[in-house]
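Those protein sequence lines, which keep their order, are chains X and C.
Under the numbering used here, the first residue of the first sequence is numbered 13, with each subsequent residue one higher.
Under the numbering used here, the first residue of the second sequence is numbered 481, with each subsequent residue one higher.
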Amino acid sequence: AQSVTQLGSHVSVSEGALVLLRCNYSSSVPPYLFWYVQYPNQGLQLLLKYTTGATLVKGINGFEAEFKKSETSFHLTKPSAHMSDAAEYFCAAGGGADGLTFGKGTHLIIQP
Amino acid sequence: GAGVSQSPSNKVTEKGKDVELRCDPISGHTALYWYRQRLGQGLEFLIYFQGNSAPDKSGLPSDRFSAERTGESVSTLTIQRTQQEDSAVYLCASSSWANYGYTFGSGTRLTVV
Chain X
13 AQSVTQLGSH
23 VSVSEGALVL
33 LRCNYSSSVP
43 PYLFWYVQYP
53 NQGLQLLLKY
63 TTGATLVKGI
73 NGFEAEFKKS
83 ETSFHLTKPS
93 AHMSDAAEYF
103 CAAGGGADGL
113 TFGKGTHLII
123 QP
Chain C
481 GAGVSQSPSN
491 KVTEKGKDVE
501 LRCDPISGHT
511 ALYWYRQRLG
521 QGLEFLIYFQ
531 GNSAPDKSGL
541 PSDRFSAERT
551 GESVSTLTIQ
561 RTQQEDSAVY
571 LCASSSWANY
581 GYTFGSGTRL
591 TVV
């Protein structure tokens with residue numbers, strides 16, 4: 013069974029600062045990896061995904077994530093935070109018949 | 481349709497009543513998933529359909545929960561004899577290829593009073 017751990021239930025950064033949201037997965041086989049964003053009272057929107065190939069994945073809204081097999085990590089970054097980035101971010105792993113396993117989420121707060 | 485549609489968007493029901501939640505996936509998406517999101521928590525996987533077949537129903541929380549899907553279209557999640565702990569947002573997602581990320585609906589917020 014897979015598990016996904018997101019470090020920090022809340023992360024606060026200043027507008028313009030680097031955003032780093034951490035995600036580690038536990039799996040004997042490197043899974044497919046995803047980051048989703050959820051704005052208040054909305055469903056989840058796919059930010060980016062890693063399936064195979066290049067380990068640095070670029071997504072929407074300037075976000076990117078790097079798959080590091082040796083560290084079993086898939087951290088999400090954005091060079092410069094914007095107020096509109098304030099939302100809940102979920103890391104997920106897996107797929108197929110077992111569905112995706114989600115982390116508990118990280119609430120990103122942007123300070124003006 | 482253009483996106484995954486869920487209805488109703490909000491449902492308040494009395495404890496002990498049955499509720500039916502509907503998900504209309506993106507046309508052509510063969511895979512469909514139901515998740516539950518309790519307040520302040522992550523997503524809990526409930527069930528997966530490939531076409532109208534659900535290979536594994538063990539993720540459903542109890543025998544009060546059931547789900548079905550007609551062909552590769554609409555799915556319904558039914559909760560019988562609702563309890564207060566069933567209060568959550570129920571999210572549906574569909575995918576054209578099981579491992580390549582899902583498109584989520586906006587969810588149904590269920591409140592059991």
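Built from N, CA and C at the ideal position, the CB exists for glycine as well.
Item	Value
What are the start and end residues of each continuous beta strand (DSSP E) run of 3 or more residues lying completely inside the stretch 32-67 of chain X, in chain order?	45-50, 56-62
Residues bridged to L557/C by DSSP?	L501/C, A547/C
Can you find at least 3 beta carbon pairs, one from the stretch 85-95 of chain X and one from the stretch 504-517 of chain C, that sit closer than 8 Å?	no
Look up L571/C in the DSSP assignment and give the residues it is bridged to.	Y515/C
For N532/C, name the three-state secondary structure that DSSP assigns.	coil
Kindly indicate the opening and closing residues of the beta strand (DSSP E) around H94/X.	Counting along the chain, H94/X falls outside any beta strand (DSSP E), and DSSP gives it neither H nor E.
Give the DSSP-derived three-state secondary structure of S15/X in the structure shown.	strand
Start and end of the beta strand (DSSP E) containing Q521/C?	Run containing Q521/C: none; DSSP gives neither H nor E here.
Could you check which residue in I506/C, V569/C, I559/C, S575/C has the C-alpha nearest to that of E500/C?	I559/C
Is there a C-beta anywhere in chain X that falls below 7 Å from the one on L512/C?	no
To which residues does DSSP link L112/X through a beta bridge?	G106/X
Relative to the alpha-carbon of V25/X, which residue among A99/X, G71/X, L59/X has its alpha-carbon at the smallest distance?	A99/X
Using C-beta distances below 6 Å, list every residue in its chain close to S15/X, excluding the 5 sequence neighbours before and after it, in chain order.	S38
In chain order, what residues of the same chain lie with their CB nearer than 6 Å to the CB of T118/X, ignoring the 5 residues before and after it?	Q18, G20, V23, L33, Y101
Sorted by chain position, which residues of the same chain lie with C-beta nearer than 6 Å to G551/C's C-beta, five sequence neighbours on each side aside?	N532
For V69/X, count neighbouring Cβ atoms within 10 angstroms of its own Cβ and tell me buried if that reaches 16, exposed if not.	buried
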